[in-house]
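So that you can map any letter, position 162 of the sequence shown is 162 in full-length UniProt numbering, and since no number is skipped, the others follow by simple counting.
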Amino acid sequence: MYERYADLLKKRKISNYKVAKDTGISQATLSDWKNGKSTPKQDKLQILADYFQVSLNYLLGIDYDVWEKKYNANGKLAEEVANNESGVKIPVLGRVAAGIPLEAIQEIEDYEEISQAMASSGEFFALKIQGHSMQPKFSPGDVVIVRKQSDIDSGDIGVVIVNGENATVKKVMKQDNGIMLVASNQTVYPPKFYDREDCASLPVQILGKVVELRAKF
């Protein structure tokens with residue numbers, strides 16, 4: 001975990017101070033984790049995983065696809081079975097426009113591979129990040145893995161289409177009278193609120209939930 005955390009700091013060019021400020025976890029605590037002086041509890045680990053947009057297994061140094069090759073659902077060794085299973089490729093889309101079914105989009109820029117276990121849990125596509133509104137978590141050129149779904153929980157990061165424009169990646173905060181789309185880079189891109197009438201008339205359409213970030217370096 002310490003190696004993964006230190007590596008994420010280096011690759012994202014983020015300091016312990018920045019992480020502490022954004023997550024509420026003290027710098028002293030983060031430094032102790034980074035240097036292996038103490039072990040974080042799972043709730044704090046999940047906060048860090050969500051912050052860096054990686055899986056908890058990745059942060060712990062347990063790559064799920066590697067784990068999957070060694071164990072079955074009962075925790076028994078199953079390497080010979082999993083080795084016969086290949087990953088599932090999903091298209092990386094440069095943009096997602098309103099009114100065009102995902103399967104009909106021709107602007108496929110690349111392909112990403114997900115595990116069969118993930119693929120069996122729903123329908124997925126990948127989207128290349130455009131613009132700077134979600135920095136520092138997401139940078140232009142990064143790719144996010146998205147589970148296709150029409151609704152997400154408040155606080156989740158989703159792919160959303162507003163007023164027929166191309167899809168955007170934002171944190172979705174639900175309120176009693178509407179939803180707010182929140183960028184990470186709020187100094188340049190302030191949150192935008194849409195009441196229930198806006199959501200129906202524009203419309204505001206949720207396409208899916210971001211489940212993984214694959215940063216490009």
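For glycine and all other residues, C-beta sits at the position ideal for the given N, C-alpha and C.
With 16 as the cutoff for other CB atoms within 10 Å, does residue i come out buried or exposed?
| i | result |
| --- | --- |
| lysine 170 | buried |
| threonine 168 | buried |
| serine 121 | exposed |
| residue 237 | There is no way to answer for residue 237, as the model of the chain reaches only from 1 to 217. |
| proline 190 | exposed |
| asparagine 16 | buried |
| isoleucine 108 | exposed |
| tyrosine 194 | buried |
Is residue i helix, strand or coil by DSSP?
| i | result |
| --- | --- |
| arginine 214 | strand |
| phenylalanine 52 | helix |
| aspartate 7 | helix |
| methionine 134 | coil |
| lysine 89 | strand |
| isoleucine 161 | strand |
| glycine 99 | Caution is warranted here: a pLDDT of 47 is assigned to glycine 99, below 50, making its placement in the model unreliable, and the coordinate value is therefore given only provisionally. In this structure, glycine 99 counts as coil in the three-state DSSP scheme. |
Beta-carbon within less than 7 Å of residue i's beta-carbon, same chain only, minus the 5 sequence neighbours each way: which residues are those?
| i | result |
| --- | --- |
| leucine 213 | Gln53, Val54, Phe138, Asp142, Val144 |
| methionine 173 | Ser154, Gly155, Ile179, Met180, Val182 |
| asparagine 185 | His132, Ser133, Met134, Gln135 |
Since residue i is in the alpha helix (DSSP H), which residue starts that stretch and which ends it?
| i | result |
| --- | --- |
| residue 223 | A query on residue 223 cannot be resolved here, the shown segment of the chain reaching from 1 to 217 and no further. |
| tyrosine 189 | Where tyrosine 189 is concerned, there is no enclosing alpha helix (DSSP H), given that its DSSP letter is neither H nor E. |
Leaving out five residues on either side along the sequence, give the residues of the same chain with a beta carbon under 8 Å from the beta carbon of residue i.
| i | result |
| --- | --- |
| proline 140 | Ile129, Gln130, Gly131, His132 |
Taking residue i as the reference, give the member of the options with the closest Cα.
| i | options | result |
| --- | --- | --- |
| glutamate 123 | Tyr51, Ile108, Val210, Asn177 | Val210 |
| glutamine 205 | Thr187, Lys192, Ser150 | Ser150 |
| tryptophan 46 | Gly24, Lys37, Asp32, Leu127 | Position check: residue 46 holds glutamine in this sequence, whereas tryptophan was assumed. Checking every option, the nearest Cα to that of glutamine 46 belongs to Gly24. |
| arginine 196 | Asp176, Leu207, Gly208 | Asp176 |
| methionine 118 | Cys199, Leu202, Thr39, Lys89 | Lys89 |
| glycine 208 | Val188, Ile152, Gln116 | Ile152 |
| aspartate 22 | Lys44, Gly94, Val160 | Lys44 |
Starting from residue i and walking both ways along the beta strand (DSSP E), at which residues does that stretch end?
| i | result |
| --- | --- |
| glutamate 112 | 108 to 114 |
| lysine 21 | It is not in any beta strand (DSSP E) - lysine 21 instead sits in the alpha helix (DSSP H) that spans 16 to 23. |
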